[in-house]
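Asks: Here it is: the structure, laid out below.
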Amino acid sequence: MDSNPPTTLPLLSEEGAPYLTVNPSQTRKLGEILAKEILKTKPRKDAFLLGLEGDLGGGKTTFLQGFAKGLGIKQKILSPTFLIIKKFSIFNFKFSNFYHIDCYRIEKPKEILDLGFKEIISIPQNIVAVEWADRIRKIMSKNTIWITFQFINKNKRKIAIKK
651 MDSNPPTTLP LLSEEGAPYL TVNPSQTRKL GEILAKEILK TKPRKDAFLL
701 GLEGDLGGGK TTFLQGFAKG LGIKQKILSP TFLIIKKFSI FNFKFSNFYH
751 IDCYRIEKPK EILDLGFKEI ISIPQNIVAV EWADRIRKIM SKNTIWITFQ
801 FINKNKRKIA IKK
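What follows is the structure, given as structure tokens:
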């Protein structure tokens with residue numbers, strides 16, 4: 651396991667080889683690289699969906715800060731714990747919106763469905779990242795890219811990306 655983020659990712663690999671980041675900057679860089687890889691792909695039949703799971707403080711929001719940067723988003727990215735869903739415009743010819751969803755306060759999948767989740771993930775031009783996605787696993791698409799964060803110490807994270 652290398653502690654330097656790669657320059658490209660085997661985005662759709664089944665095995666989900668882990669990446670080790672040793673500081674928040676590397677965690678953000680890994681997110682940025684993944685976003686740039688996604689922008690190279692063709693839109694699917696539905697949204698490009700990322701499911702992020704891991705402990706509180708595991709690096710999910712830090713990763714998505716870099717991810718948003720890779721999408722060209724200039725706004726500051728904070729976890730939408732109280733808003734639950736935050737929408738950002740992407741200025742790309744294939745994708746038009748990035749949705750950052752935080753399910754930390756969600757107790758039942760129906761709660762997120764009532765907020766339009768199915769509609770959001772049905773649009774091919776959307777890229778959707780769901781923090782605490784394990785809370786709504788039943789309703790996540792079978793095409794979800796799962797990103798698992800393991801807290802190693804104050805700065806170090808093991809991050810696995812797999813479909």
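First residue of the sequence shown? That's 651 in our numbering, and the numbers climb one at a time after it. Heads up, the beta-carbon is just placed ideally off N, CA and C, and yes, glycines get one too.
Would you grab the beta carbon distance between L689 and L721 for me? Rounded to a whole angstrom, and I think it's under 8 angstroms.
Replies: The residue labelled residue 689 in the question sits at position 39 within the sequence shown. The residue labelled residue 721 in the question sits at position 71 within the sequence shown. Indeed they touch by this definition, with Cβ atoms about 7 angstroms apart.
Asks: Report, in whole angstroms, the separation of the C-beta atoms of P668 and I809, which I expect to be a contact under 8 angstroms.
Replies: Residue 668 sits at position 18 when you count from the first residue of the sequence shown. Residue 809 sits at position 159 when you count from the first residue of the sequence shown. Right, their Cβ atoms sit about 7 angstroms apart.
Asks: Applying the criterion that 16 or more other CB atoms from any shown protein chain within 10 Å of the CB defines a buried residue, is E757 buried or exposed?
Replies: Indexing the sequence shown from 1 puts residue 757 at position 107. The residue in question, E757, is exposed, as its Cβ has fewer than 16 Cβ neighbours within 10 Å.
Asks: So, helix, strand or coil for G722, using DSSP?
Replies: The residue given as residue 722 occupies position 72 in the sequence shown. Three-state DSSP puts G722 in coil, outside helix and strand.
Asks: Taking the continuous beta strand (DSSP E) assigned at T677, which residues delimit it?
Replies: Translated into positions along the sequence shown, residue 677 becomes position 27. Note, T677: premise wrong, no beta strand (DSSP E); alpha helix (DSSP H) at 674 to 689.
Asks: How would you call G708, buried or exposed, if buried means at least 16 neighbouring beta carbons within 10 angstroms?
Replies: Taking the sequence shown and counting its residues from 1, the one referred to as residue 708 is at position 58. Buried, since its Cβ has 16 or more Cβ neighbours within 10 Å.
Asks: To the nearest angstrom, how far is it from the Cα of K726 to the Cα of K744?
Replies: One-based indexing of the sequence shown puts residue 726 at position 76. One-based indexing of the sequence shown puts residue 744 at position 94. Straight-line Cα distance between these residues: approximately 23 angstroms.
Asks: With a 10 Å radius around its C-beta and 16 neighbouring C-beta atoms as the bar for buried, classify N803 as buried or exposed.
Replies: For the purposes of this step, residue 803 is taken as residue 153 along the sequence shown, with counting starting at 1. Counting Cβ neighbours within 10 Å, N803 comes out exposed, since fewer than 16 surround it.
Asks: Roughly how many whole angstroms lie between the Cα atoms of I811 and T798?
Replies: Position 161 of the sequence shown, counted from the start, is the residue given in the question as residue 811. Position 148 of the sequence shown, counted from the start, is the residue given in the question as residue 798. Straight-line Cα distance between these residues: approximately 7 angstroms.
Asks: Quick one: what's got a C-beta closer than 6 angstroms to I795's C-beta in the same chain, skipping five residues either side?
Replies: In the sequence shown, the residue the question calls residue 795 occupies position 145. Same-chain partners within the cutoff: L700, K813.
Asks: Does the count of Cβ pairs from the stretch 773 to 780 and the stretch 731 to 751 closer than 8 angstroms reach three?
Replies: Touching, yes.
Asks: Using the DSSP secondary-structure output, state which residues sit across from D815 in a beta bridge.
Replies: Given a span of 651 to 813 for the chain in the structure shown, any question on residue 815 remains unanswerable.
Asks: Do you know whose CA, among P759, L670, T671, V778, lies nearest F738's CA?
Replies: The residue you call residue 738 lines up with position 88 of the sequence shown. The candidate whose alpha carbon is nearest that of F738 is V778.
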